[in-house]
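**Q** These protein sequences, in sequence, are chains A and B.
1 is the number of the first residue of the first sequence in UniProt numbering; add one for each residue after it.
1 is the number of the first residue of the second sequence in UniProt numbering; add one for each residue after it.
2 protein chains.
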Amino acid sequence: MKNKKKLTIGLFGLGCVGGGLYEVLNRSSLIDAEIKTICIRDQNKKRTLSEYILTTDRYAILDDDEINVVVELIDDANAAYEIVSEALKRGKHVVTANKKMVAEHLDELIKLARKNEVSFLYEASVCGSIPVIRNLEEYYNNDSLSSVTGICNGTTNYILSQTNRGLTFAEALSKAQELGFAESDPTMDIDGYDSKFKLVLLIKHAFGITVQPDDIANTGIRNIKPQDLNYAAEKGYRVKLFSHAQKIGKHVLGMVAPYFVPETHFAYTVENEFNAIVVEALFSDKQLFIGKGAGSYPTASAVLSDIAALLFDYQYEYKKEQSVIDTFFTNDFSLDIYLGSSEGEIGLNELSFELEYTRFVSDEYAYKTGRVLFSELKAMDFNKKKHLFFAILPDASVGLSENPRITGAQKNKELIPG
Amino acid sequence: MKNKKKLTIGLFGLGCVGGGLYEVLNRSSLIDAEIKTICIRDQNKKRTLSEYILTTDRYAILDDDEINVVVELIDDANAAYEIVSEALKRGKHVVTANKKMVAEHLDELIKLARKNEVSFLYEASVCGSIPVIRNLEEYYNNDSLSSVTGICNGTTNYILSQTNRGLTFAEALSKAQELGFAESDPTMDIDGYDSKFKLVLLIKHAFGITVQPDDIANTGIRNIKPQDLNYAAEKGYRVKLFSHAQKIGKHVLGMVAPYFVPETHFAYTVENEFNAIVVEALFSDKQLFIGKGAGSYPTASAVLSDIAALLFDYQYEYKKEQSVIDTFFTNDFSLDIYLGSSEGEIGLNELSFELEYTRFVSDEYAYKTGRVLFSELKAMDFNKKKHLFFAILPDASVGLSENPRITGAQKNKELIPG
């Protein structure tokens, strides 16, 4: 049995997840950790937590030497970045659920943690209660991973579950907002940004490379129309928003995009607020993980698992970094899509197709299926094309270009030790 | 980055999994381990592995000081026990896939490993490629686990998938045997023994207590009849063989038994040779893991993950042992079942019911649903009752007796340090 140490926590944020953590920590008997100070934004809100120091001053936590763990659960990614980097610099372990902040500053924060010999854990950032980062990091380190595909955003999955049952996108979004599953400004979710930040972390732990969020295409579900849903329904498909990455030779490609999935696909029955991850590896075949991706308790439970891991000095080791000196991210490939247009053929012609499989045109709506170059798809920014909607076709084979252009600076190199 | 050491492996067994390991290890670049010597039963079989020392003498491995890891992949549980305990005593790490051997000698082998300061890992014993032991051990250590339910045996799941499609049990078994999914003597699988050995390991890592295999009731699917399958089909159920354990207060109960599952149940769509595990916890809610539970590569991949973990001195810590001083296994509870009888009411009356919900009697067949005492069910040994078949009803609530009798000696106590 290794030496255990006392964990004294400074908590930033007492919202949905922070409040959940407070309860989870109090009701779990297996972990020797206590919250000392909580930093909140609004001191005037009524709270009944007299046993803690409540403060609005972040330095009440950062400059307290007794606090050796900072748990960061605030919304504001910029403030979170300042807090987390300050905490790491002061030699405090950090546990965070802020996927945007982590994805945007990943290598820098990993370096800071290594330099200061502390742990920097973020399991709760990706798929809530599903332990996907830990499994990619610990369990799939030796196997030849070929792809990771996830439903990583509960909000869009809820909306799509409703549209698959006959609601329009606008109706489904309203319902999700009423139920508290979607925020008043749902851009981050429905345009696929949230799913993309999570994909950055999945790619890091699956394939060992760091990709900048801007280098990954994210198309959401904002522009899905009843005609697109009809097309899917007629073919027996459901629409799902996937965070997908795969490795082909020494190239990694990845995207957030709507997919048409047939009944035989694992994701077909993953509905509503559930998240799912499929890890495909050469030897272990397909592994599927399903669980609640968001919500107070599931996310707090993931935070708590990270806190518990600190008791045993757990750190991500990023072992795959060492084997990826010549692995690169690229958007230079072609694949098969469906494209729908509410502005007839003029809309369809905005994107050039390498191959055309089918085309349908009526007064009201037009669609086309065929093969496109992904880099052109990315350049168009479909979230802003109100009249267009695309989805990746089932079993779309990916054709890597002959000499694929590398996308972005491949920051992984500088992290390799020695 | 921790210090890495060289792993030199002595491998016992070169069958399906051993052969898979050989290939997986050769094709995986991320792990610094090599097989030095392979101990086989039959020296005369033609083999083309000239790069290794092949031997039929176990001491060629056990007494070789250069070999620091023994990987045990033979069928014979008694020989496996001798090999594994000898290896641990000689200070070698052990990785095994032998669920029967591990389940029958669990505490003794854990003690031996601790005494000799080596690792004793057995992820491949439970659900092949699904990393369930590691997740229970590492990730769910702080959460309040309430239940673990698994489809842990691919053979029976394949057979049941076929019977759910209209084949009789005998036809489905033959088909499974033809395809190599079932052995010529299928007793271990179809009577639920294999599932039970796995359940012993799940209970240890989920709830911290060691239960002797004999103390757990295992009923398989041998006696399922077309009438039972018809009953299930009419209600919209499928039949699944579950390894199930749950914690109620300070009592753990567990069993291997056929269950009727409705379409809304996670397991309904887990078919053929797939395995699945559902972990239910207070805060993280339900987590589902699905993957290939058997076969050469999936199992070898799990073995390889254990070998890779040795590079970082990974050991199971059995942290939950510390919190279970007053946790006990019991069979003293009641639950709701369906009982079918090909010998009419006389058969039904062999088991006394606390409550009766429905009863159907015809010349050919009779069945009854109601509430029974589980300890009476266990005492009857249904695998041997050809004319009877029971299945646990969907959402069967479990009623713990007022002062539940403890089943077996609760060996966990003696393992608590200090």
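Using N, Cα and C, we set each Cβ at its ideal position, and we do this for glycine too.
These numbers come from a predicted model, not from an experiment.
What is the residue span of the alpha helix (DSSP H) that R27/A lies within?
**A** Counting along the chain, the alpha helix (DSSP H) containing R27/A begins and ends at 16-27.
**Q** I want to know whether the region 189-199 of chain B touches the region 215-230 of chain B - three or more CB-CB distances under 8 Å.
**A** Yes, the region 189-199 of chain B is in contact with the region 215-230 of chain B.
**Q** Give, in chain order, every unbroken run of the beta strand (DSSP E) that is at least 3 residues long and sits entirely within the region 56-132 of chain A.
**A** Here the runs fully enclosed are 69-72, 93-96.
**Q** Rounded to the nearest angstrom, how far is the Cβ of V102/B from that of L109/B, given a contact under 8 Å?
**A** Confirmed, Cβ separation roughly 7 Å.
**Q** Starting from T369/A and walking both ways along the beta strand (DSSP E), at which residues does that stretch end?
**A** Note, T369/A: beta strand (DSSP E), 366-373.
**Q** Taking Y158/A as part of the beta strand (DSSP E), name the residues at either end of that continuous run.
**A** It is not in any beta strand (DSSP E) - Y158/A instead sits in the alpha helix (DSSP H) that spans 154-163.
**Q** Could you check which residue in F329/A, L351/A, N331/A, L400/A has the C-alpha nearest to that of L339/A?
**A** Ranking the options by Cα distance to L339/A, first place goes to L351/A.
**Q** Could you name the residues of chain A that A300/B contacts, counting a contact when the two beta carbons are closer than 8 Å?
**A** Near A300/B (Cβ distances below 8 Å), the residues of chain A are F283.
**Q** Got a sec? Which residues, its chain only, sit under 7 Å from R90/A by beta carbon, not counting five neighbours each side?
**A** Contacts found: L62.
**Q** Looking at chain A, is there any beta carbon in it that lies within less than 9 Å of the beta carbon of K286/B?
**A** Answer yes: the Cβ-Cβ gap between K286/B and chain A drops below 9 Å somewhere.
**Q** Y297/A lies in the alpha helix (DSSP H); which residues open and close that run?
**A** Looking at the DSSP string, the run of the alpha helix (DSSP H) that includes Y297/A is 296-310.
**Q** On the criterion of 16 or more Cβ atoms from any shown chain inside 10 Å, does D65/B qualify as buried, or is it exposed?
**A** Answer is exposed; the Cβ neighbour count stays below 16.
**Q** Which of helix, strand or coil does DSSP assign to T264/B?
**A** Coil at T264/B, not helix or strand.
**Q** What's the C-alpha gap between G399/A and S375/A?
**A** If I take the Cα positions, the gap works out to 12 Å.
**Q** For F329/A, count neighbouring Cβ atoms within 10 angstroms of its own Cβ and tell me buried if that reaches 16, exposed if not.
**A** Looking at its Cβ environment, which holds 16 or more other Cβ atoms inside 10 Å, F329/A is buried.
**Q** Is there at least one Cβ from chain A nearer than 9 Å to N135/B's Cβ?
**A** N135/B counts as touching chain A.
**Q** Taking the straight line between their C-alpha atoms, what separation do you get for E354/A and K235/A?
**A** Taking the straight line joining both Cα atoms gives about 23 Å.
**Q** Quick check on the DSSP output: what are the complete alpha helix (DSSP H) runs of length 4 or more inside the region 332-361 of chain A, in order along the chain?
**A** Qualifying alpha helix (DSSP H) stretches, in chain order: 344-348.
**Q** Taking DSSP's pairing of strands, which residues face M255/B in a bridge?
**A** Answer is A217/B, H244/B.
**Q** Can you tell which of S147/A, A87/A, Q322/A, L241/A has its C-alpha closest to the C-alpha of F260/A?
**A** Cα-wise, what sits closest to F260/A is L241/A.
**Q** Quick one: is the Cβ of H105/B within less than 8 Å of any heavy atom of the ligand GDP?
**A** Only the bare structure without any ligand can be found here, which leaves the ligand GDP out of the picture.
**Q** Checking the sheet assignment: what are the DSSP bridge partners for G291/B?
**A** DSSP output for G291/B lists N275/B as bridge partner(s).
**Q** In whole angstroms, what separates the C-alpha of I159/B from that of Y365/A?
**A** Cα to Cα, the separation comes out at about 48 Å.
**Q** Compare the Cα-Cα distances from E23/B to each of N68/A, Y357/A, S144/A, I133/A and report the closest residue.
**A** For E23/B, the nearest C-alpha among the options comes from S144/A.
**Q** Should K111/B be flagged as near chain A, meaning a C-beta pair shorter than 9 Å?
**A** No, its Cβ sits nowhere closer than 9 Å to a Cβ of chain A.
**Q** Given a cut-off of 9 Å on the beta-carbon distance, is the pair residue 429/A and F312/A in contact?
**A** Chain A is shown from 1 up to 418; residue 429/A falls before or after that span and cannot be answered.
**Q** Can you check DSSP and say which residues form a bridge with K386/A?
**A** Paired residue(s): none; K386/A is not in a bridge.
**Q** Would G20/A count as contacting chain B if we go by Cβ distances under 9 Å?
**A** True, the Cβ-Cβ gap to chain B drops below 9 Å.
**Q** For V361/A, count neighbouring Cβ atoms within 10 angstroms of its own Cβ and tell me buried if that reaches 16, exposed if not.
**A** Exposed is the call here.
**Q** Sorted by chain position, which residues of the same chain lie with C-beta nearer than 8 Å to A97/B's C-beta, five sequence neighbours on each side aside?
**A** Closer than 8 Å at Cβ, skipping near neighbours: V17, E72, L73, Y122, A124, S125, T299, A302, V303.
**Q** Given that a residue counts as buried once 16 or more other Cβ atoms are within 10 Å of its Cβ, and exposed if not, what is R134/B?
**A** Buried, since its Cβ has 16 or more Cβ neighbours within 10 Å.
**Q** Assuming G370/B and Y357/B make a contact with CB atoms under 8 Å, what is their CB distance in whole Å?
**A** 5 Å between Cβ atoms; contact.
**Q** Which word fits K250/A, buried or exposed, when buried means at least 16 other C-beta atoms lie within 10 angstroms of its C-beta?
**A** Exposed.
**Q** Can a CB atom of chain A be found closer than 9 Å to the CB of R165/B?
**A** No, no contact with chain A.
**Q** How many Å lie between K100/A and V211/A at the Cα?
**A** Approximately 13 Å, taken between the alpha carbons.
**Q** Identify, in the order they occur along the chain, each residue of the same chain with its Cβ nearer than 7 Å to the Cβ of Y81/A, setting aside the five sequence neighbours on each side.
**A** Result list for Y81/A: M101, H105, in chain order.
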